[in-house]
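Mapped onto mature numbering (1 follows the signal peptide of the UniProt record, and there is no 0), the consecutive letters of the sequence shown carry residue numbers -22 to -1, 1 to 540. Every residue, glycine too, gets a C-beta built ideally from N, C-alpha and C. Have a look at the structure below, then the notes.
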Amino acid sequence: MKTYISCLIVVILSLLSYFANAESHKHDFTVQQTRVTRLCRTKNIITVNGQFPGPTLTVRNGDTVVVTVVNRARYNVTIHWHGIRQMRTPWADGPEYVTQCPIRPGGSYTYRFTIENQEGTLWWHAHSKWLRATVYGALVILPKQGSNFPFSLPQKDFPVILGEWWNRDIIAVQRQAQFTGAAPNISDAYTINGQPGDLYRCSTQGTVKYSVNPGESVLLRVINAALNQQLFFSVANHMLTVVGIDATYNKPFTTNVIMVGPGQTTNVILTANQSPRQYYMAARAYATVRNGQFDNTTTTAILEYKNLNSGANSRPLLPQLPAFNDTATATAFANRLRGVPNNNRVPNQIDENLFFTVGLGLVNCTRGPRCQGPNNTRFAASMNNISFVLPRRTSLLQAYYQKIPGIYTLDFPRVPPVQFDYTGNVSRGLWQPRFGTKLYKLKFGSNVQIVLQDTAIFSTEDHPIHLHGYHFWVVGQGFGNFNAQTDTANFNLNDPPVRNTIDVPVGGWTVIRFVADNPGVWLFHCHIDSHLAWGLAMAFIVENGIGEKQTMEPPPPDLPQC
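In structure tokens:
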């Protein structure tokens, strides 16, 4: 009995200590029009609090975050907290018409959620139309008070947010693509923390500089906020030690270049051990679509040593970045990622074994201004040949919670409706998808495996696939068509990396696993926004479990209405 009481006291003290150290962070976001100048042009963009990028939120594991968003812009808007688990709080996830109706101009909504067992770098961004081109910012999650990083504490800590810039209004770019059915206009520049850098016109004055002392270790929190492009990133003459991805720790390894897909984050440690001068950090495209247009420019920022030597006034050294189609380098980087052992073991017994094709498609149409895709078609995209259509009358989560009929169906196919040579010569009869708002239901606690298979419809391509409300184990990747009989034996079930966004290799496949332990409606989609707009998405319903801790919270009173 004494032992039991002693144990109970220890548990109570631990809980009191936990809640005593946890904090509540309150922030006000005003979405507004802001005038900025880039590439010799001045124009209005949509920002948060007049900042581009928006404010960095710095919190600790276990903290509660409360953000009130007021929409002073002319467009509907929502904010998504990319990678946050949102345990039992799907109403705070943010994708428009999935977990909420958008915040109308003049309206407001307060997002409330708690950070649970996550540390590292995430980010937030608009999840309505293509507003995330300029509405985004870093979300830094530090260890709990009294806990440490699993590596030596760096002397400096910088967010490095990679983005894309269009001279035209981004909503006009989106509307033109939607009207014509063709691919959208490519960006005019890439950016680092909102600035294009020295290699673009009229941009040198704004180039971002990171100042370091010789010998310092520097944590760079690299975030790919680009709308439509995977990016290579490197720092001239410096090696990068990769220590974290998507707010999870990995087994550290050293490289001179990383590849970051849209939506992904990568934490790297750099040691300032070179001759004191200026060095460029740079990013440019990793582009895989066959004969596709892409922005082939390079964005830069400057790593500047203090106490510069005589070469300080010379041009900074530029890193040697891989070629735009260097799939070998992208694959070698991905293959080196390994997770760290923890209490969350990869499930061996699978309850839901799913197989999703992901890729583009073409819709036949009559020649004219609305039919400007390849050979008189309109671009589309799909999972398992279903091109996802968002509702407009209400959100999917509201329809599920309130049992509103006629908004969605539960017949999303667990395997492709037609099996074919996915990465070979695909019959033109399979190029046109069907359209629908089809969801797939999962029981609480079920162990889920999903094979994500790229297709050669129109072109094979690397697709960054993001799962809302979850992170997952990446147990296998390869090229060609997935073969369950031979490829399963090579799965990594010991130390797979943990991510919330995974690049499906061009002309290849990825297998992920997760436990459906978070009830709600969760979007699963390509994080290339043009592909999402074309329908490369679906959504899961995860049912409630038993008791309060396994049940989603009720909707907040200020939830926006459609």
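For ASN163, there is no enclosing alpha helix (DSSP H), as DSSP marks it with neither H nor E. Assignment of ILE149 by DSSP, reduced to helix, strand and coil, places it in the helix class. Looking at the DSSP output, PRO137 bridges to ARG199. In this structure the region 421 to 437 touches the region 514 to 524; the number of beta carbon pairs closer than 8 Å is three or more. Leaving aside the five residues that flank ASP536 on each side, the residues in its chain whose CB is nearer than 8 Å to its CB run, in chain order, SER86, TYR87, THR88. By the criterion of at least three beta-carbon pairs nearer than 8 Å, the region 220 to 233 is not in contact with the region 249 to 264. In this structure, the alpha-carbon of VAL43 lies about 16 Å from that of GLY98. Taking the CA atoms as reference points, ALA160 sits about 8 Å from CYS349. By the C-beta density criterion, LEU338 is buried, having at least 16 other C-beta atoms within 10 angstroms.
In this structure, PHE272 places its C-beta atom within 8 Å of the C-beta atom of GLN207.
The beta carbon of PRO128 sits closer than 6 Å to the beta carbons of TYR227 from its chain, once the five residues preceding and following it are set aside; these are given in chain order. Closest in C-alpha terms to GLY84, from the list THR46, ASP71, ALA70, TYR75, comes THR46.
Between the region 8 to 26 and the region 48 to 63 there are three or more inter-stretch CB-CB distances shorter than 8 Å, so the stretches are counted as touching. Comparing alpha-carbon positions, the option among ARG90, VAL186, THR401 lying closest to PRO294 turns out to be VAL186. In chain order, ASP432, GLN455, GLY456, PHE457, GLY458 place their CB closer than 7 Å to the CB of GLY486, counting only its own chain and leaving out the 5 sequence neighbours on each side. Within the region 174 to 245, the complete beta strand (DSSP E) segments at least 3 residues long are 187 to 190, 195 to 202, 208 to 213, 218 to 223, 226 to 233, 236 to 238, listed from N- to C-terminus. When secondary structure is reduced to three states using DSSP, LEU408 falls in the helix class. Within the region 53 to 90, the complete beta strand (DSSP E) runs of at least 3 residues fall at 57 to 60. Here VAL14 is not near ARG50, since their CB atoms are 8 Å or more apart. When the five nearest sequence neighbours on each side are left out, the beta carbons in the same chain lying within less than 7 Å of the beta carbon of PRO73 are those of THR56, HIS58, HIS105, HIS446, LEU501, in order along the chain. Cβ neighbours of GLN133 within its own chain (closer than 6 Å, five residues either side excluded): GLU194, SER195. THR266 is bridged by DSSP to nothing; it lacks a bridge partner. In this structure, the beta-carbon distance from PHE333 to MET516 does not fall below 8 Å. Rounded to the nearest whole angstrom, the C-alpha separation of VAL113 and ALA467 is 43 Å. For ASP389, same chain residues with a beta-carbon under 6 Å away, outside a window of 5 residues either side, are LYS416 in chain order.
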